[in-house]
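Colleague: The sequence shown runs contiguously to residue 343 in UniProt numbering.
This is the structure I want to talk about, given as structure tokens.
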Amino acid sequence: MKWRQRKRPLLKKHDIFLQKLSDLLEDGYTFAEALYVLLPHYTTDVVEAERVVRQSFEDGKAIHEIFEQLGIAPQHLLLLELAAEHSDMERVFRVSANQIATRIALEKQTQRKLMYPVALFIGLFVSLLLFRQYFLPNMTTLFMSRGEQQQLWSTTLFLKLPDILFLLAISAVFIGYAAKVYIQRQPVARQLQLLYSVPGIRQHLATMHTLNLAHIISGFLQSGVSLQRALTHIEQQTKSPHLGFIAHELKHLVLNGATLSQATRQTSFFRKDFSSYIAHGEFHGHIGIELQLYAKIIEQQQQERQKLYVSLIQPIVFSIVALCIVGAYLAILLPMYEMIEIM
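Written out as structure tokens, the structure reads:
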């Protein structure tokens, strides 16, 4: 059965829904029972949501496929896809709920910080556009009528400052989109090579791949799944080709006799301290528990770093707006001074 495209997700408050789902599973509910208990409270269309879930169970859909039909964002489906393989669904739902809650909080914080400066910039842009459209031609005519050939170059330059910034932003978006399309058309190995060659992106991807692998491997190992089988499951998942390729490389090294710490040290896809944490866990025989703790530490560091980045957005945008305001004042005042000199 081919699922039709929906304009909006059936689920609402994804983070709370997954947290409640985790709580019900811990209380002894089956996955199906927990879903049917929660759907009436966290869906925009209860009848349609129950129909989708019921049809999914009849068709033998996997857990991540059910959540995908309900509207969970793709970036959160990786852990959900692998949850059924090691039966630690309670922890995975809880982790996914925390990730979604963090993302929502950061998005709201970013919107609040950008709302006023963006509105101010738009108002300033419109004001300068009107000034350039109606007032500047009259000033030019006045100068020409006095026998002056001056073209008010400084005023024109300052009035074009918002246009220049706008064109720079559009150019950056276009270049970024073109680069994204080009990279997506490359083989996975080439994609990783290109992405890891960019300093800022390299650090971000290394952190995300380390975080995801730590979460997934810890879940598998604590459930009694062997390392090789865990890497096989990660290699075969469909939501992250990059992580699948990385798991393939790690699996090849492990099959050739390397430990997980040695394998991660020989690759360049992870944070530098990842292999040392794994080695510590291997030495004490608690690698699953220590990887889970390590993942929590990374998540906390990542959240603090994201909050710092968000806090820097507003000063940067205000600086750009201030530059435009100074340009606007100069665009208006310079002709006045020139006119006074002529008089």
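Using N, Cα and C, we set each Cβ at its ideal position, and we do this for glycine too.
1. Can you tell me whether T267 is helix, strand or coil according to DSSP?
2. Kindly confirm or deny that the segment 99-118 and the segment 12-20 touch, where touching means at least three C-beta pairs closer than 8 Å.
3. Does Q236 pass the burial test, meaning 16 or more other C-beta atoms within 10 Å, or should it be called exposed?
4. Residues in its own chain within less than 6 Å of Y277 by CB, not counting five upstream and five downstream?
5. With DSSP as the reference, identify every bridge partner of L11, one or two as the case may be.
6. Determine the direct distance from the alpha carbon of S319 to that of G224, and round the result to whole angstroms.
7. Is K239 helix, strand or coil when you go by DSSP?
8. Taking one C-beta from the segment 56-71 and one from the segment 184-197 each time, how about it: are there three or more such pairs within less than 8 Å?
9. Can you check whether the CB of A206 is closer than 9 Å to the CB of I217?
10. So what's residue 347 in DSSP terms, helix, strand or just coil?
11. Determine the burial state of N212: buried for a count of at least 16 other Cβ atoms within 10 Å of its Cβ, exposed for fewer.
12. Below 7 Å CB to CB, which residues in the same chain sit around A34 once its five sequence neighbours on both sides are set aside?
13. Ignoring anything shorter than 4 residues or poking outside the segment 176-246, list the alpha helix (DSSP H) runs there in chain order.
14. On the criterion of 16 or more Cβ atoms from any shown chain inside 10 Å, does G219 qualify as buried, or is it exposed?
15. So, using beta-carbon positions, are L253 and T267 closer together than 9 Å?
16. Under 9 Å between the Cβ atoms of S261 and E290?
Modeller: Working from what's here:
1. For the purposes of this step, residue 267 is taken as the residue at position 267 of the sequence shown. Coil.
2. Segments in contact, yes.
3. Against the sequence shown, residue 236 aligns to sequence position 236. Q236 comes out exposed.
4. On the sequence shown, position 277 is the one that residue 277 refers to. These residues qualify, in order along the chain: Y294.
5. Taking the first residue of the sequence shown as 1, we reach residue 11 at position 11. Paired residues: T43.
6. Translated into positions along the sequence shown, residue 224 becomes position 224. Translated into positions along the sequence shown, residue 319 becomes position 319. Rounded to the nearest angstrom, the two C-alpha atoms are 55 Å apart.
7. Translated into positions along the sequence shown, residue 239 becomes position 239. DSSP places K239 outside both helix and strand once states are collapsed to three, so it counts as coil.
8. Three or more beta-carbon pairs separated by less than 8 Å are not found between the segment 56-71 and the segment 184-197, which leaves the two stretches without contact.
9. As a first step, residue 217 is located in the sequence shown; it is residue number 217 there, counting from the start. As a first step, residue 206 is located in the sequence shown; it is residue number 206 there, counting from the start. For I217 and A206, no; Cβs fall outside 9 Å.
10. Beyond the ends of the chain as shown, which are 1 and 343, falls residue 347; an answer cannot be given.
11. As a working note, residue 212 is residue 212 in the sequence shown. Result: buried.
12. What you label residue 34 is simply residue 34 of the sequence shown in a count that begins at 1. These residues qualify, in order along the chain: L21, L24 and L25.
13. DSSP assignment within the segment 176-246 yields the following whole alpha helix (DSSP H) runs of 4 residues or more, N-terminal first: 188-195, 199-222 and 227-236.
14. The count along the sequence shown starts at 1 and reaches residue 219 at position 219. With 16 or more other CB atoms across the displayed protein chains lying within 10 angstroms of its CB, G219 is buried.
15. Start at 1 with the first residue of the sequence shown, and residue 253 comes out as number 253. Start at 1 with the first residue of the sequence shown, and residue 267 comes out as number 267. With contacts defined as CB atoms closer than 9 Å, L253 and T267 qualify as a contacting pair.
16. Here the question's residue 261 lines up with position 261 in the sequence shown. Here the question's residue 290 lines up with position 290 in the sequence shown. Taking 9 Å as the Cβ cut-off, S261 and E290 do not qualify as a contacting pair.
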